[in-house]
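In our numbering, the protein residues as written are 15 to 430. Note that CB positions come from ideal geometry on N, CA and C, so glycine has one too. Note that the structure is predicted; figures quoted are calculated from it, not measured.
Pasting the structure below:
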C-alpha cells in the first residue's frame, strides 16, 4: 500500500551503500522466520531462508552510478528506494536495499553480486543487458528472481528474470509504426541505425531489420562501442546516403552527439530512439530545440505528466534532483517485486524457491499505468507488445506522452 508522502534525503551518490527503507506498518509476523531458514506449516507461518532477518527483507541492486548510464541508474535506484520507503511485504516485512555500483562493467557486476548474494532474497534491479547476461549463470544457479533495468530479448532466456516492458526489437517496431502512422516515414525509405555492440544494440537492430523486411526499408547499420562519444562519422555517412530517418539504440551521450552533428549538417529527419537514449539533461544542451523537433522515443515507461501524485512524492523526497523517467521505472519495479513477494508470502513461502514459484505465476501485471501492461514472463517471449511514444518537452522529466501505450502491426509477430 502507499503511505503518506515523506521527505527523504538526496539522490543515491555512493558507489556502494545499504539503503534501509521502512514500510507503513509495524505488524510482526505470527511466527518468525530468519536468515538461516524458518519453519513453516502452521496457520499464519511463513517459511524463509536467505535474505530475511526478523521482519526485514534484503534485496540486491546492481546499478550504474558512475558509468555510461549513471544518470539513469541513479534515478532508477531513487525510484526503488522511494517505493520501499512507503510499502511493506504482506503488511509485515520492511525492505532493505543493498545498492552497489557496477560502473556498467560486467566483471565488476559479477564480483559485486558474489559479495551480496549470501545475504539477499532477490534482485530488485540489475542495470544493463551485458551485466545481466554475465550474471545469467549465477542467477539461474542461485534460483533468484531478478528484475533488469534492460530490455534485450536475450534476458527473457534467463530463468526468473522479469523484463518489464517490450523487448527492444518490439519497442522499436512500435516506434516505427508511430512514424508510419504520422506520415513521417514511408515504405521504401532509407534508415540509418546507430547501435551499441552487444545485446542491447543488436536486439534493437533486429527490430529495424524486421520492419525493413515488412515495409521494404533499407537499413544502414552503424555499430559503436558504449565508450564511443563522437557520432560525426556515422551521421555524415547517413547524410551522404540520403537517409529518411535515424534510429538510435545507444545512451544519452551518443544521442546528444548525433543531434548536434545532424543539426550542423541540416539533416532534417526524425530520430527514433529506444527508451535508454533520452535523459532530461539533453535539454540543457545546444541541440535542445532540435531534439524537441526531431526526437521520438519508444518507451515502456510513461512520462511524469501522467503521474502528478508520484511526481509530488519524488520531488519532496529528492528536491535537488531533476526527475527523469528512470525514477518512474524504479518505482514500478518495486511495485512488481512487491506483487511477487506478496504472492509468495500469502502462499506461506518466502524462501527463494517460494519467490521464484510466485514469480512464475505472475500474469496480467498492472502497475497503475507506470509502465506498459505486462502479460507475463515466458522464456524467449517479449513480456509486453505495447509501448508509449514520448517526445522531449519543457515539462518535469523532460518528456511528454504523445501516444499512449499501443501495439503496432508487427509487435505480436515479433513478440515470440
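- CA-to-CA, the gap between residue 132 and residue 197 works out to about 54 Å.
- Between residue 399 and residue 423, the gap from beta carbon to beta carbon reaches 8 Å or more.
- The beta carbons of residue 310 and residue 93 sit no closer together than 8 Å.
- Among the bridge pairs identified by DSSP, residue 207 is matched with 235, 261.
- Inclusion of residue 210 and residue 240 in the CB contact set at 8 Å is warranted, their separation being smaller than that value.
- If only complete runs of 3 or more residues are kept, the region 321-380 shows the beta strand (DSSP E) at 377-379, in order along the chain.
- Shown here, residue 196 sits in coil according to DSSP, grouped into three states, outside any helix or strand.
- For residue 391, the closest of 354, 272, 418 by C-alpha to C-alpha distance is 354.
- Separation of residue 301 and residue 273 (C-alpha to C-alpha, rounded to the nearest whole angstrom) is 6 Å.
- Boundaries of the alpha helix (DSSP H) harbouring residue 128: 120-130, taken from the DSSP string.
- Contact between the region 112-122 and the region 66-77 is present: 3 or more CB-CB pairs across the two stretches fall below 8 Å.
- Within the DSSP bridge table, the entry for residue 406 names 413 as partners.
- Note that the region 132-147 touches the region 155-163; at least 3 beta-carbon pairs, one per stretch, sit closer than 8 Å.
- Boundaries for residue 423: no beta strand (DSSP E) harbours it, and the DSSP string shows neither H nor E there.
- In this structure, DSSP gives residue 178 a state outside helix and strand, which the three-state scheme calls coil.
- A distance of 8 Å or more separates the beta carbons of residue 339 and residue 186.
- Per the DSSP secondary-structure output, residue 153 pairs with nothing in a beta bridge.
- Given a length threshold of 3 residues, each whole run of the beta strand (DSSP E) inside the region 262-326 is given here in chain order: 285-287, 309-313.
- Remark: three or more beta-carbon pairs, one from each stretch, lie closer than 8 Å, so the region 260-267 and the region 202-216 are flagged as touching.
- Excluding five sequence positions before and after residue 86, the CB atoms of its chain that fall closer than 6 Å to its own CB belong to 340, given in chain order.
- As DSSP reads the structure, residue 388 sits in a beta bridge with 379.
- Residue 84: not part of any beta strand (DSSP E); member of the alpha helix (DSSP H) spanning 84-99, first to last residue.
- The beta carbon of residue 393 sits closer than 7 Å to the beta carbons of 170, 171 from its chain, once the five residues preceding and following it are set aside; these are given in chain order.
- Nearest neighbour of residue 59 by Cα position, chosen from 181, 223, 359, turns out to be 359.
- In the DSSP annotation of this structure, the continuous segment of the alpha helix (DSSP H) that includes residue 250 starts and ends at 246-255.
- The region 405-420 makes contact with the region 319-331: 3 or more CB pairs, one atom from each, lie closer than 8 Å.
- With a cut-off of 8 Å on Cβ pairs, the region 145-156 is in contact with the region 118-129, counting three or more such pairs.
- Contact annotation: residue 331 and residue 96 have beta-carbon atoms nearer than 8 Å.
- DSSP, reduced to helix, strand and coil, places residue 143 within a helical segment of the structure shown.
- Where residue 160 is concerned, the enclosing beta strand (DSSP E) starts and stops at 160-163.
- Burial is judged here by how many other beta carbons sit within 10 angstroms of a residue's own beta carbon; residue 326 has fewer than 16 and is exposed.
- In this structure residue 139 is buried. Its beta-carbon is surrounded by 16 or more other beta-carbon atoms within 10 angstroms.
- Per DSSP, residue 111 lies in no alpha helix (DSSP H); the unbroken beta strand (DSSP E) holding it starts and ends at 108-115.
- A check of alpha carbon separations from residue 299 across 335, 388, 255, 277 identifies 277 as the nearest.
- Cβ neighbours of residue 371 within its own chain (closer than 8 Å, five residues either side excluded): 358, 361, 363.
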